[in-house]
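Everything below concerns the one structure shown next.
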Amino acid sequence: MAMLNRVHLNGLRAVETVARLGSLAVAAAELNVSVSAVSQQIKRTEKQLGQALFERTPGGLVPTEFGTVFTARLGAGFRELAQAVALADEANQCTLVVSVAPAFASKWLLPRLSRHFARHPNVLLRIDASGRIANLDHSDIDIGIRMGDGKWPGVRSELLLAQEVFPVCAPSIAAKLRSIEDLAQTCAITDERSMISWDSWFEAAGVEPVTFLKGARFTDPMLCLESAIAGHGVMLAWQLLTADALTDGRLVAPFGVRAESGLGYWMVTSATKAESRKVRDFKAWIREEIDATMAQFRTLDSAA
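Residues 0 to 303, numbered by numbering that gives the first Met the number 0, are exactly what the sequence shown covers, in order.
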């Protein structure tokens, strides 16, 4: 491999292209350089090799006997290089990068990903679980799932699910809550970074807000959820965060009242890039999963 250091790659490309196309002008067009630049690269390569590769004839360049053998090997080498580069393109095309908040990824998306794997086995999923808002035009992220009002600059936003909020708690605590006023005898589990508050829920329930006992405070909704499951108090939650815990009975929504938050989960993609097939397929799949989750909620509501 060390002997390759004495020959410039651009010169070898020029030699291979002229030999393959049979014309300096056509080769120059493919390489996007001038005819004289291609001619100079060939001369420089012949000097570096110490061998003539082409005969200069009135009809153009004709490979010498050595040049014929050399360019045949060279062509095979460049085809191998092209296939190697294509592997990277293929990997990029078959990898779907999804940006989501950690709570969404852990508590709702992750348990359902096996169904996406089964439906699209050739698509590799990479989950970028972060609370930051990713720049879709200057990253490898194909699609983001964001919580908010859908008003972000530079992206296309599609509402996935309007967020409704409601109290949840462990069954042992729910058994003691005969009325909303009984919440005053419970501890509130608080997410200090939450964009939602209890006021909207009390308004939807048509009652005056109550004052909770002091409870645990966290900076992560996943910790709030685990605290509620452990029976530490009542938290104000939303559908996708609590869907599985409500379905398997680890949590209970004791009052059956849900309030609109004005927020939602949105699918966002770059406003400047065309959507690929893998993104469209992911959108269709995740909407089906959302519909299935909301059907679970309707079952829970009817059973309450």
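Each residue gets a CB set at the ideal place from its N, CA and C atoms; glycine is no exception.
What span of residues does the alpha helix (DSSP H) with residue i cover, start to end?
| i | result |
| --- | --- |
| G49 | First-last for G49: undefined, no H or E at that position. |
| A27 | 23-30 |
| R12 | 8-20 |
| D198 | 197-204 |
| I228 | 220-228 |
| T246 | 238-246 |
| A117 | 112-118 |
Tell me the DSSP bridge mates of residue i?
| i | result |
| --- | --- |
| C168 | V251 |
| P62 | F53 |
| G127 | First, the amino acid is wrong: residue 127 is Asp here, not Gly. D127 pairs with S98. |
| L235 | P166 |
| W265 | R145, L158 |
| F217 | D190 |
| E259 | E163 |
| L212 | C186 |
Please classify residue i: is it buried, with 16 or more other beta-carbons within 10 angstroms of its beta-carbon, or exposed?
| i | result |
| --- | --- |
| C93 | exposed |
| K175 | exposed |
| P152 | exposed |
| R145 | buried |
| M194 | exposed |
| L11 | buried |
| A169 | buried |
| M123 | The question names Met, but residue 123 is Leu in the sequence shown. Result: exposed. |
| R257 | buried |
| S260 | buried |
| K272 | exposed |
| P253 | buried |
| V61 | exposed |
| D181 | exposed |
| V68 | exposed |
| S171 | exposed |
| K277 | buried |
| S269 | buried |
| Q47 | exposed |
Residue i and residue j look like a contact to me (Cβ under 8 Å); what is the Cβ gap, rounded to whole Å?
| i | j | result |
| --- | --- | --- |
| L240 | L224 | 6 Å |
| D136 | V96 | Actually they do not touch by this definition, with Cβ atoms about 14 Å apart. |
| I179 | A227 | Wrong, their Cβ atoms sit about 17 Å apart, outside the cutoff. |
| G130 | A83 | Not really, about 37 Å apart at Cβ, beyond 8 Å. |
| A351 | V164 | As shown, the chain starts at 0 and ends at 303. That puts residue 351 outside it, with no answer to give. |
| T63 | L52 | 6 Å |
| P166 | V233 | 5 Å |
| L212 | T246 | Not really, about 28 Å apart at Cβ, beyond 8 Å. |
| T70 | V14 | 6 Å |
| V17 | L8 | Not a contact, Cβ separation roughly 15 Å. |
Return the first residue and the last residue of the beta strand (DSSP E) that residue i is part of.
| i | result |
| --- | --- |
| T189 | 187-190 |
For chain C, is any of its Cβ atoms less than 7 Å away from the one on residue i?
| i | result |
| --- | --- |
| A75 | The structure shown has no chain C; it contains just one protein chain. |
Consider the C-beta atom of residue i and the heavy atoms of the ligand NAP; say whether any pair is separated by less than 6 Å.
| i | result |
| --- | --- |
| R297 | Ligands are entirely absent from the displayed structure, and the ligand NAP is therefore not among its contents. |
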